[in-house]
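Okay, so here's the structure we're looking at.
In the numbering used here, the protein residues as written are 841 to 1139.
Structure follows, in structure tokens:
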């Protein structure tokens, strides 16, 4: 099943086309590496997949109830929550559920009528059952395990996000995305602020990722290990190549080799044609052939 389908998608900024006529499907288990020069449109492409940017042309279709986790390069992370709470609350609906439980508990503590107490107790039991379902899939233990893998010490779990540096805030947001287990995980340079142990842990975690993954990463070795398809934003067009980044480089190198051979052959043909023209231009009997060669050179 396709999670996201792009049909004839293009993006233009201030009269400059970043890319155009892009057709692409992201399947449930796709692992896509996005490569290209700076400013080619890689991050914009991820924003389109995330639903954060509308393309200038074309159509974007998404599966119903698609859950997307998106890590941009530039983050705005508000404070007021602890590191652990931010990860737990990243699961859609959990924070609202916990607030509702607190509200019902307060109502129950104030209730004086028996019928009201019975009704509120029933609501509270239902809410706790729903929370238990959340816990079975998104447990506190799993949140702590992910935070530890990304380099957080246990004592940092209760620190306010506002106290953290930009790099550590990025790690906290990344932890929340991994904890959510979205259908489609979009990561824009996730290795920028990671040390070697955290980088190794993340590589191992993503290798076991069961959803779709789309990754921009300057670390070619990391990229090579994670992806099985490459979307390359080249000057000529957007190219899609099956295989990892090394496979893309081999395909690109082979194509360049073919182009160089073709250019060399054309140069030799042109040189031969020019010699023929210089030799026989003055001979009337060869005039027609000379004109033919001249027209060929003009093409």
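Just so you know, even glycine gets a beta-carbon here, dropped at the ideal spot from N, CA and C. In this text, all values refer to a predicted model and were calculated from it rather than measured experimentally.
Residue range of the beta strand (DSSP E) that includes residue 984 = Residue 984 -> not in any beta strand (DSSP E); alpha helix (DSSP H) instead, spanning 980–989.
inquiry  = With the cut-off set at 8 Å, would you say residue 1154 and residue 1055 are in Cβ contact?
reply    = In the structure displayed, the chain extends from 841 to 1139; residue 1154 sits before or after that span and is not available.
inquiry  = By the DSSP assignment, the alpha helix (DSSP H) with residue 1061 in it spans what residues?
reply    = 1060–1066
query = In or out: residue 986 buried (at least 16 other Cβ within 10 Å) or exposed?
reply = buried
request  = With a threshold of 16 other CB atoms inside 10 Å of the CB of residue 876, please say whether the residue is buried or exposed.
outcome  = buried
message = Distance check for residue 961 and residue 907, CA to CA, integer angstroms please.
response = 33 Å
message = Quick check: residue 1042 and residue 1053, are their CB atoms within less than 8 Å of each other?
response = no
key: residue 859 beta carbon less than 8 Å from that of residue 1078   = yes
Residues near residue 857 in its chain [Cβ-Cβ closer than 7 Å; skip 5 each side] = 850
message = If the criterion is Cβ atoms closer than 8 Å, does the pair residue 845 and residue 865 meet it?
response = yes
message = Taking the straight line between their C-alpha atoms, what separation do you get for residue 919 and residue 1012?
response = 12 Å
query = What residue range is occupied by the uninterrupted alpha helix (DSSP H) comprising residue 1026?
reply = No alpha helix (DSSP H) holds residue 1026; the beta strand (DSSP E) holding it covers 1024–1028.
ask   = Using DSSP with H/G/I as helix, E/B as strand and the rest coil, what is residue 926?
value = helix
ask   = Exposed or buried, what is residue 887 when buried is set at 16 or more other beta-carbons lying within 10 Å of its beta-carbon?
value = buried
task = Could you have a look at residue 885 and say whether DSSP puts it in helix, strand or coil?
result = helix
message = As a quick exercise: from 895, 971, 1063 and 861, pick the residue whose alpha carbon is nearest that of residue 1089.
response = 1063
task = Out of 922, 885, 841 and 1111, point me to the one whose CA is closest to residue 1004's CA.
result = 922
message = Which of the three DSSP states is assigned to residue 842 in this structure?
response = strand
ask   = What is the residue span of the beta strand (DSSP E) that residue 1044 lies within?
value = Counting along the chain, residue 1044 falls outside any beta strand (DSSP E), though it belongs to the alpha helix (DSSP H) covering 1036–1047.
task = Quick one: grab the DSSP three-state call for residue 847.
result = strand
inquiry  = What does the alpha-carbon distance come out to for the pair residue 1066 and residue 1047?
reply    = 6 Å
inquiry  = Using C-beta distances below 7 Å, list every residue in its chain close to residue 1082, excluding the 5 sequence neighbours before and after it, in chain order.
reply    = 1069
ask   = Start and end of the alpha helix (DSSP H) containing residue 1017?
value = 1006–1020
request  = Could you give the DSSP three-state label for residue 949: helix, strand or coil?
outcome  = helix
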